[in-house]
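Some notes on the structure that comes next.
There are 2 protein chains.
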Amino acid sequence: MNINAADSRQIAWRVIHAALKAVDPALAVKNYFDTHPQITTQIATTPGRIIVVGGGKAGAPMAAAVSEIFGNKIAAGQVIVKYGHTGHSTPSSSKIKITEAAHPVPDQAGFIAAQEIAHLLSQTNQNDTVLCLISGGCSALLTLPAEGPLPAGSLNLADLQATNETLLAAGSTINQVNTIRKHLSAIKGGQLAQMAAPANVHTLILSDVVGDPLDVIGSGPTVPDPTTFADARSIVEQYGLQDTLPKRATQRLQAGVAGNLPDTPKPGNPVFERVTNPVIGSNRLAAQAAVKSAQAAGFEAYLLTTFIEGEAREVGRVMAGLAKELACGEGQIRRPACLVAGGETTVTLRGDGKGGRNQEMALSAAIALKGWSNILIVCLGTDGTDGPTDAAGAFADGTTIRRAEALGLDAVKFLNRNDAYNFFTALNDLIITGPTNTNVNDLTLIMAW
Amino acid sequence: MNINAADSRQIAWRVIHAALKAVDPALAVKNYFDTHPQITTQIATTPGRIIVVGGGKAGAPMAAAVSEIFGNKIAAGQVIVKYGHTGHSTPSSSKIKITEAAHPVPDQAGFIAAQEIAHLLSQTNQNDTVLCLISGGCSALLTLPAEGPLPAGSLNLADLQATNETLLAAGSTINQVNTIRKHLSAIKGGQLAQMAAPANVHTLILSDVVGDPLDVIGSGPTVPDPTTFADARSIVEQYGLQDTLPKRATQRLQAGVAGNLPDTPKPGNPVFERVTNPVIGSNRLAAQAAVKSAQAAGFEAYLLTTFIEGEAREVGRVMAGLAKELACGEGQIRRPACLVAGGETTVTLRGDGKGGRNQEMALSAAIALKGWSNILIVCLGTDGTDGPTDAAGAFADGTTIRRAEALGLDAVKFLNRNDAYNFFTALNDLIITGPTNTNVNDLTLIMAW
């Protein structure tokens, strides 16, 4: 099979579209119920009501799909989405209320909607089914401070906001932030499942976390929480934040450690016996669709990993190293060949340029690929917006640097000031998909022919 | 097939030994002639003499192997090795002189031996065969300043040393350094082949450069040089070193650009018609042997790449990401599985600890692998000495961090001060092979079961 650079771009676009389609929120919901007819029937014929709750940027199309499938059987619903993410796809007949709220810092609108969710769930019985829709951004959108009087009063939204900012400024990891969040929340860390009991709970998860850890995605509202008040307290001590966090936050953690408050529900808790947490869309699903699409185009294709993490520019060099071996054609994998890698890199800012982690990775790969004639590397974010730009990512190949030099552009300088967006704009090598309304992290295609 | 952590270590050791054996210098020479009987017969029955020359750390065992194969047919020889690398394996009857010299900064001993090589080659005729033995370190060991009067006198060894240091201090790339080196040398960049003409030349190459670029390995003494005096001159200008480099160096480059000196021989030059440059040992050869050994142990194994480059700690995270996908066992590659990656990473020093790039990569991988029970990552340098340590590398697995914590060791702190050697010493997880007398860069094994 003879392939040239122009073909490779065309095929790459086909692969990109296939991958994004596989994780389109509405299609993912429909596909889940299509492939699980027993569950669908069970829900559709439940003697009780269906209640739909949830949070996340893809909440509107997920809710629309659920409405389409279960129609009048849905008695009520409240799903919280980010401002501007309501979409136009929810049937007006739907009883699911879509509320817009702030992300990443929660606001009053989200707080009120979360109270409504708590209220809806407080009225369920064992014949009811709760469908919980989780997607990227859920942790901030679905925010409800833990109740209960403390010496300094009741926790409020401002306490949670301040706690968040203090923890991030102190350099704590996202897992540590989540451990504390769960123990200051009334809804995270399995507590939404507690509210929904004794109803059946089906949580449909569109995963935006590398490796799909259920207790981490959206802070796991219907998943057993392996962390404890003691864990939360020791993180506070590790960073010496006893006197920096809001007083009501530290008081709650203290009361929890002292055994005066119930901890989040743990693995083995009977509340989870009627809960399922299927991942209906994930990086792996998108990557698998990419592999199939590349195979259909005649490529020998493999899913390399969905666990890519690390500094974008260094990961880009590794991706280039993988591409070069394929391009040599001396190995076990025959050309045309395509490796698909997923995950999410990070960028340590050094300059004041414009870009995103995928564009930065592509620029670094392009520098390493200079002169290789039979390689294309494609880096993109599945949400369609890589960093603060209107691009999803960029294409890198062996001609990138030569074409840049012809325009008088020094790729290394662009990389050093984190300015990949302007670099690839000049070359017309940005990947523009527009917002996709989904987010299952990033994909890299490594193609050689 | 059931495999546990202890099995995986044992299998890893078997794979390591198989990989190192495949690139043992003497075995690689023997294997080359065994698998190329026509060439062997041609050389052995040449009506003329065999002259053996060369440079590199593996020169002694390579010369011993050649002596064993061609015996008395060898009329004379001069091979330059690093101090301490003579070994005990050269038959006393051999007519190949082994000279020890300084590396990485060339010295008088190497200079005199290189003059002897030039003298030997000046006496060859078309019936003779020159065997040239190239291995890691050749570029420094095989050093001969270009002859010819310049306004400031003739180039000398000190000029070359000062040029080297000035270029490296200015931040030039190794390719740029080599371009200038070749144009100040009488022997690099194809010029050894010119000296040897009209004899047949077989250069046996043990490659220590990622990707095996023939014109780069040992500065390509018998390979057409694609770079020109003009290239060399523009590098000097790029870094503004016109007045910093030794006067005789800049005078020579000027004279060359002006057309007053012959450039190095270029591709298509008839001198290369009687020259072959087989790579007899390389990272790919070692990696392929590792793959075969892992397959023999029941693993589904693939050669991932031989082009790994990048910051060691970031590459380690990527390797961990590849391992996690294998460990999930949901992909196309079945467990037990092994991916083999080769190349050479770099370390940006941040602290004053002890370590090497492979140990640093392993430590970073271990941090990312915390809690994964069915993964082993093995990082080692094929020369057996990773950085300024007596270890070749280290093992990283899902228990590494737990075991370190039990000893009160904070892995992140060790990594941040580049102290992987002391970290892995405490855990008894160093890979100690002793010096292997070969160097084909580094290998990483990614195993999951």
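For the record, the sequence lines run as chains W and Z. Mapping of the first sequence onto the working numbering: position 175 corresponds to residue 175, and the numbering continues sequentially without gaps. Mapping of the second sequence onto the working numbering: position 251 corresponds to residue 1251, and the numbering continues sequentially without gaps. Glycine is no exception: its CB is placed at the ideal position from the N, C-alpha and C atoms.
{"Asked": "Alpha carbon of Z:P1025 to alpha carbon of W:F423, nearest angstrom", "Found": "46 Å"}
{"Asked": "Reduced DSSP secondary structure (H/G/I, E/B, other) of Z:A1005", "Found": "helix"}
{"Asked": "Partner residues on chain W for Z:Y1302, Cβ-Cβ distance less than 7 Å", "Found": "Q332"}
{"Asked": "Alpha helix (DSSP H) runs wholly inside the stretch 231-308 of chain W, at least 4 long, in chain order", "Found": "247-257 and 283-296"}
{"Asked": "Z:G1342 and Z:N1441 closer than 8 Å at C-beta", "Found": "yes"}
{"Asked": "For Z:P1145, three-class secondary structure by DSSP", "Found": "strand"}
{"Asked": "Opposing strand residues paired with W:S185 [DSSP bridges]", "Found": "W:P145"}
{"Asked": "Contact set between the stretch 296-320 of chain W and chain Z, restricted to residues whose Cβ is under 8 Å from the partner", "Found": "Y302, L303, L304, T305, T306, F307, I308, E309, G310, E311, E314, V315, R317, V318 and A320"}
{"Asked": "Z:L1206 vs Z:S1135 beta-carbon contact at 8 Å", "Found": "yes"}
{"Asked": "Exposure label - Z:G1056; buried when at least 16 CB within 10 Å", "Found": "buried"}
{"Asked": "Contact list for the stretch 1205-1227 of chain Z against chain W, Cβ threshold 9 Å", "Found": "V1210 and G1211"}
{"Asked": "Alpha carbon of W:S234 to alpha carbon of Z:T1425, nearest angstrom", "Found": "30 Å"}
{"Asked": "W:P47 versus W:G77 - alpha carbon distance", "Found": "18 Å"}
{"Asked": "Reduced DSSP category for Z:G1077 - H, G, I as helix; E, B as strand; rest coil", "Found": "strand"}
{"Asked": "Z:Q1126 versus Z:P1149: straight-line alpha-carbon distance, rounded", "Found": "30 Å"}
{"Asked": "Where Z:L1144 falls, given that 16 or more other Cβ within 10 Å makes a residue buried", "Found": "buried"}
{"Asked": "Where the stretch 1411-1436 of chain Z meets chain W: residues whose CB sits under 9 Å from a CB there", "Found": "none"}
{"Asked": "Per-residue burial, W:S364 [other beta carbons within 10 Å of its own, 16 or more giving buried]", "Found": "buried"}
{"Asked": "Within 8 Å, strictly: CB atoms of Z:G1356 and Z:D1419", "Found": "no"}
{"Asked": "Z:A1420 in three-state terms, based on DSSP", "Found": "helix"}
{"Asked": "Three-state secondary structure assigned by DSSP to Z:E1330", "Found": "coil"}
{"Asked": "Sub-8 Å separation of W:A101 and W:A118 beta-carbons", "Found": "no"}
{"Asked": "Proximal residues of chain W, C-beta to C-beta of Z:E1068 below 7 Å", "Found": "Under the 7 Å cutoff, chain W gives no residues; its nearest Cβ is about 30 Å from Z:E1068."}
{"Asked": "Strand pairing of Z:H1202, partner residues [DSSP]", "Found": "Z:L1131 and Z:T1276"}
{"Asked": "From Z:V1066, Z:P1104 and Z:T1124, residue whose alpha carbon lies closest to that of Z:I1098", "Found": "Z:V1066"}
{"Asked": "Partner residues on chain W for Z:L1322, Cβ-Cβ distance less than 9 Å", "Found": "L304, T305, F307, I308 and A341"}
{"Asked": "Anticipated Cβ contact below 8 Å, W:L20 with W:T433, distance rounded", "Found": "7 Å"}
{"Asked": "Per DSSP, the bridge partner or partners of Z:F1070", "Found": "In DSSP, Z:F1070 forms no bridge with anything."}
{"Asked": "Z:E1325 at chain W interface by Cβ criterion, 8 Å", "Found": "yes"}
{"Asked": "Bridge partners - Z:K1324, DSSP secondary structure assignment", "Found": "Answer is none; Z:K1324 lacks a bridge partner."}
{"Asked": "Straight-line gap, W:A297 to Z:I1096 (C-alpha atoms, nearest Å)", "Found": "57 Å"}
{"Asked": "Proximity below 8 Å, CB of Z:L1157 to CB of Z:A1249", "Found": "no"}
{"Asked": "Beta-carbon proximity list for Z:G1398, same chain, < 6 Å, skipping 5 on both sides", "Found": "L1369, G1371, W1372, S1373 and I1375"}
{"Asked": "Reduced DSSP secondary structure (H/G/I, E/B, other) of W:L363", "Found": "helix"}
{"Asked": "Distance, Z:A1064 Cα to Z:A1232 Cα", "Found": "37 Å"}
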